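Read in order, the letters of the sequence shown are residues 5 to 1087 in the numbering used here.
Reading through the structure tokens given below for one structure.
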Amino acid sequence: MASAFLNALATLTKPIGEAHVSATHSAALLAALNSNLAELEERLRVDPGLQEVGVLCQQVRQEAEWYRDTEDITWRFVQECLLLMVTLTRHLRHLLESFCQDRAPLHSRTPEAAPPLPPDVLSVAQQRTVGAALQFVVTLGLCPYLSPGVGVALERRSAFGATVIEAVSRTVAPPPDRRLLVTILALLELSETSSLGTLLLTRHMGDIMAGLCQLGYHPRRPEGDTSEANKGVTMEERLACRKALQNLLQKVYQPIVIKELLILQGGPKQAQSAVPGGGVPRTALAPAPPWLRRLCGQLLSERLMQPKGVQAVVRAILEGAGAGPAGGAGADAAASDWRKCDAVARVLAACPQQSISAESYYSQVCPQVLELLHFRDKLTALQFQRVATSAALTMVQEQPELAHRYLLTPLLSPLVCCGGSSAGRPASVEEEELTRCVEDVYKICVVGNRPDPALLTSLGEGIPVLFSLYCFTLQNVSHLRAPCQEILLWYLSHLKPPHALGCLRRLSGLSGPGVLAPGFEFTPGSEGGAKLTQKATDSDEDDALYEKVSGEQWSVDCLVQLLGELKDSDLPGDFFLEMLKDLTSWAGEEEEADDECGGTSAVTLTELERLLWGRAETRAQKLVLLQVLAAMCQGVPHILLLRKPAQVLRFVEAVLQRACSGLTPGSMGTVENQTLSMAMGLVATMLTGAVMLGASDLALASCLLRPLELICQRHADPVIRELASDLQVALATRGAFCPDTVTQAARRHGPQAGTDTAASQNSRSEAATEKCDSQRDPCVTSDPDGCARPGHRAPAAPDSGSLSDQPNSSGPRVPLSSQTFSECLLEACDPDIPTRASALRTLVRATRDRDPMVLRFQEKVLVLFLENLEHEDSFVYLSAIQGLAELADAFPDRILQKLLEEYRSGPHPGPSTGPPRSLETRLKVGEVLMRASRALGDLAPHHGQPLIGAFLQGTRDADSTVRTSSLSNLGELCQRLHFSLGPLAQELSSCLTALIKTEKESEVRRAAVHVIAVLLRGLSEKTTQVLGDVLLDLYRALKWVVRADPDDVAVLHARLALEELDHVMRRFVFPEQKLEKKIVVLP
């Protein structure tokens, strides 16, 4: 039956044929409509399949009050379409009711059986037919009767719209408003059926809303106007249209409603500028009448202030850009459309006129803005978060008090609750709540990046708790670590310097109450976050005290690590100088307090207790101050602490002031004098031109005159007094005149101090290296080419020139034939030494040239060279050593492994090291490994791991000679590993420091110290990066050798290593200034 209705609709909406082409488009349209109406009437009367449709339509026609005979062809066509679709709707509703009553229960069907389709389901072709009929009804029966500016005019939609306007007759009964009312009511009845309502509301929602707005809210006509064309609808009908509009707005998906309301508001009020050529204006929407604009604004405000209204507004505006079902691949492009997101945010932040007050609006909208931050869908999260962030920041900027009450307070409530400041809530905070709070603060503050005084003030309430949470995350694996660190860095970098210093003092424990609520602590959460739980009571006072002290130490360490991340800020240096000033002032207060101690005999016990308690608190604060200063000196690089000349001058001033406070006779020790000399040396270096000083820096330097005068008058050392006096002269003249003492002090402490002794240092290093190499093995001597020869020195040992082939001037070398190669193998085993040596030299040359025969029989060549290592003649075993080194260079993977096995095979070999080798053979293999390490070059990081393991193992050998050889090889290899040495730095440092302090043999201690010297020389400028974690341990070990080792050679090596370390650190502290420009490409 439904198909019969659809056949009738298809007949009525049949396209225009060629027979209906007329002189004008409107005449052709009218002719086509008239023809289709006649054909439908004929088919309803003649076609047996449509007779029942005709009967049902006749029944509906008799019941409908809106159906009237008319001379207007377009309205008669609209009435027939509406009649067929209303009849179809009632028929489908009746079938659906019967279907719901007669549907079999679920348990009577098998699990694999598909559920039956409801009778109102339409096929694709049927939907296309119904859609065409609806389009005719809206185009001919709704849009032509809308007032100007209400909805989108037909002529703005397509060229066919102008034809429809010409074809419609507005002077024939019924009047336009009555026609509009009939069409709207019929369409609303269609929308009650799900299948037809979906097609109607998804395509023509805006037109139906425009008609209902005009019928229900258009201003009434004058009472005396009784013309037929101006007869409007009754008041009851107007009220019914208003109610129908409200029901429709509540029933439809809210983003669609908001989108259509925005369209109904029309374009701007200004007149549209014409486009050259007579085209359509640039703005497709005409200005709406004032009453419609007010109505749409009121309806939009109602949509915004209802539950989830903010989300609906955002979806309506951003849905076409990727924030909804239509997003898809355009989501990333929509996220980058920040202008649209910011425009939505400004709309949300502005209080509408229809709202009772700004406070009521903010109380309803702010919670919804925070909810926008919690979307997990990738298609919506980016856009919604940007809108929410921008809206929140705009609210804070425009209405700081209301934003603090309704936006920032709920946002920061979990952090405030953790601090125990919330009286109405329990102190326990769950993981989900705390995680959401941290993420929301990160999105608004760090991602939004619009620092506002109100925002910084509100955030300051939760910063101590956030820092405590950051300290907790550093002790555990947590995803909250990065956002907490970014929030803290953002907050500190945007605070004014005095407030930032006060915040750092509170975080360090120098001021302010405790951070967390008493009796509570952070514990790990199940999702990788944290939660605040009640702390278990500890009955042991010692354990509680230890936990408190260790917690304070960890907080200070975390603060220092946080300050180390402020790379381009003066805050670490300012805080460091502030601590130095406090230290100096407290030193003076200590002396005053000691003077007051003698007058406590006349005070009462209560006053005495109060006095002692105050002193105890003061001493506790001093301990915290010293703890912070020590941690900053240890953990923060000096390039962050003293970034600018002004900070250096303030540091020097603090040092001089502290020195002046202790200028009593006998109170200045060696350390104090060295510190004072260093401070004055810094000033001398700056005054001699090492650093460019501006006018403000020179004005600040004048503050040093008074402490320098006190030092010049009261210090016991005449050298320091003279330097202080000359510095006064240099500062008074602003560097125009610098005495010789100032220049000499600048030379001693300046960056060029490390380069003046470079030549002498290198010569001493070379001499010490040769001496160490000659003494590291009592039974090993060195020939001119540097090869170790155990036992004795051959009178005719070949030098490096004889062992390495001279360049062949006759052209490329001819490869060995098979016969020649076999003869060489045989002669290499000949008892005659010259014959054997000559054959070995030939094999060495062939190995270096990568001869095909050597590559093919590399195993035989390897065995031959290993056997000749044990020969007593230097010509033979030196050739074997060089041959093994060439083989290791050609085949490092296999040869190095074999050589390591030979090197480990000592008097007590392991199960996999083969037969034991003699001490001399192991030393020769060590020489091979050293040459191979030199030849590896850039491949040393790749092949160096097993070598380091073997050499470290060799340092524990029972024979001191092997230990010395292993250390020498270790130094040769480590200086070529560069950054690959980083993971092994701790193990290497432990080994070297243990040998230096516990080894009894002086040769081994010399070799261990020599390894450090070679390592520092090889790493050079990379020393601080590769050995940063162990550099302090190595420095202490070298100082221990200088002070306590009885061997003069070891002390010499240690001093050379310290000079090398001093040279490295001077270049690090005073890098070479280069006049160059850097171009940085921002991401």
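Idealized CB from N, CA, C, for every residue including glycine.
Please read all numbers here as calculations on a predicted model, not as lab measurements.
- Query: Does the distance from the CB of Leu1038 to the CB of Ile1016 come in under 8 Å?
  - Reply: yes
- Query: Can you tell me where the beta strand (DSSP E) with Leu144 in it begins and where it stops?
  - Reply: Element bounds for Leu144: not the beta strand (DSSP E) but the alpha helix (DSSP H), Val128 to Gly145.
- Item | Contact under 8 Å by Cβ, Tyr366 with Gln403 | yes
- Between Ser80 and Leu41, which are expected to be in contact by the criterion C-beta below 8 Å, what is the C-beta distance as a whole number of angstroms? What sits at residue 80 in the sequence shown is Arg, not Ser. Going by Cβ atoms, the distance from Arg80 to Leu41 rounds to 7 Å, so yes, they are a contact pair.
- Message: Just verifying my parser: in three-state terms, what is the DSSP assignment at Thr527?
- Response: strand
- How is the alpha helix (DSSP H) around Lys344 delimited, first residue to last? Trp342 to Ala353
- Outcome for Phe476 when other beta-carbon atoms lying within 10 angstroms are tallied against a minimum of 16: Answer is buried; the Cβ neighbour count reaches 16.
- Would you mind working out which of Glu75, Ser883 and Phe526 sits nearest Ser842, comparing C-alpha positions? Nearest C-alpha to Ser842: Ser883.
- Task: Taking Leu184 and Gly215 to be in contact with their CB atoms under 8 Å, please state how far apart those CB atoms are, rounded to whole angstroms.
- Result: 5 Å between Cβ atoms; contact.
- Query: Residue range of the beta strand (DSSP E) that Lys535 falls in?
  - Reply: Ala534 to Gln538
- Answer with buried or exposed for Ala12, where buried requires no fewer than 16 other C-beta atoms within 10 angstroms of its C-beta. With 16 or more other Cβ atoms within 10 Å, it is buried.
- Report yes if the CB atom of Gln979 is closer than 8 Å to the CB atom of Arg1021, and no otherwise. Yes, the pair counts as a contact, with Cβ atoms nearer than the cut-off.
- Message: Tell me the rounded alpha-carbon separation between Leu412 and Lys500.
- Response: 21 Å
- Task: With a threshold of 16 other CB atoms inside 10 Å of the CB of Thr175, please say whether the residue is buried or exposed.
- Result: exposed
- Give every residue of the same chain whose Cβ lies closer than 6 Å to the Cβ of Arg738, excluding the five residues on either side of it in the sequence, and list them in chain order. Leu702
- Query: First and last residue of the alpha helix (DSSP H) that includes Asn453?
  - Reply: It is not in any alpha helix (DSSP H) - Asn453 carries neither H nor E in the DSSP assignment.
- Message: Using a Cβ-Cβ cutoff of less than 6 Å, which residues in the same chain neighbour Gly331 once the five nearest sequence positions on both sides are dropped?
- Response: Its pLDDT being 45, under 50, Gly331 is placed unreliably by the model, and the measurement read from it follows with that caveat. Take Gly331, set aside five residues on each side of it, and the residues of its chain with a beta-carbon closer than 6 Å to its own are Leu383, in chain order.
- So, Leu511 versus Met583, is the Cβ gap smaller than 8 Å? For Leu511 and Met583, no; Cβs fall outside 8 Å.
- Reduced DSSP secondary structure (H/G/I, E/B, other) of Ser7: helix
- Query: Is Ile77 buried or exposed, if buried means 16 or more other CB atoms sit within 10 Å of its CB?
  - Reply: Within 10 angstroms of the beta-carbon of Ile77 lie 16 or more other beta-carbons, which makes it buried.
- How big is the Cα-Cα spacing for Ser786 and Ser821? Confidence in Ser786 is poor, its pLDDT being 35 and thus under 50, which makes the residue's placement unreliable; the coordinate value appears in the next sentence. Ser786 and Ser821: Cα-Cα distance of roughly 36 Å.
- What separation, rounded to the nearest whole angstrom, lies between the Cα atoms of Glu67 and Leu352? 49 Å
- Task: Helix, strand or coil for Gly313, going by three-state DSSP, please let me know.
- Result: helix
- Of all the options Tyr474, Pro119, Leu189 and Pro311, which has the alpha carbon lying nearest to the alpha carbon of Leu87? Leu189
- Identify which residue in Ala989, Leu686, Asp572 and Leu92 has its Cα closest to the Cα of Phe9. Leu92
- Task: Report the rounded CA-to-CA distance for Gly326 versus Cys345, giving the unit in angstroms.
- Result: Because the pLDDT at Gly326 is just 47, under 50, the model does not fix this residue reliably, and the point stays unresolved.
- Query: DSSP three-state call for Pro291: helix, strand or coil?
  - Reply: strand
- Query: Given that a residue counts as buried once 16 or more other Cβ atoms are within 10 Å of its Cβ, and exposed if not, what is Glu240?
  - Reply: It counts as exposed.
- So which of Glu1063, Leu587 and Arg614 has the shortest CA-CA distance to Gln631? Leu587
- Which same chain residues, not among the five before or five after Thr167, have their C-beta less than 8 Å away from its C-beta? His29, Ser30 and Leu33
- Query: What separation, rounded to the nearest whole angstrom, lies between the Cα atoms of Lys1078 and Phe1072?
  - Reply: 14 Å
- How long is the line joining the alpha carbons of Pro52 and Leu194, rounded to whole angstroms? 27 Å
- Query: Quick one, are the C-beta atoms of Gly513 and Val564 less than 8 Å apart?
  - Reply: no
- Task: Check Gln779 in the structure and name its three-state DSSP category.
- Result: Because the pLDDT at Gln779 is just 35, under 50, the model does not fix this residue reliably, and the value given afterwards should be weighed accordingly. Helix, per DSSP.
- Task: Determine the extent of the alpha helix (DSSP H) in which Tyr446 is found, giving its start and end residues.
- Result: It is not in any alpha helix (DSSP H) - Tyr446 carries neither H nor E in the DSSP assignment.
- Item | Whole-angstrom C-beta distance between Val746 and Ala728, which should lie under 8 Å | Between Val746 and Ala728 the Cβ distance is about 10 Å, and since that is not below 8 Å, they are no contact.
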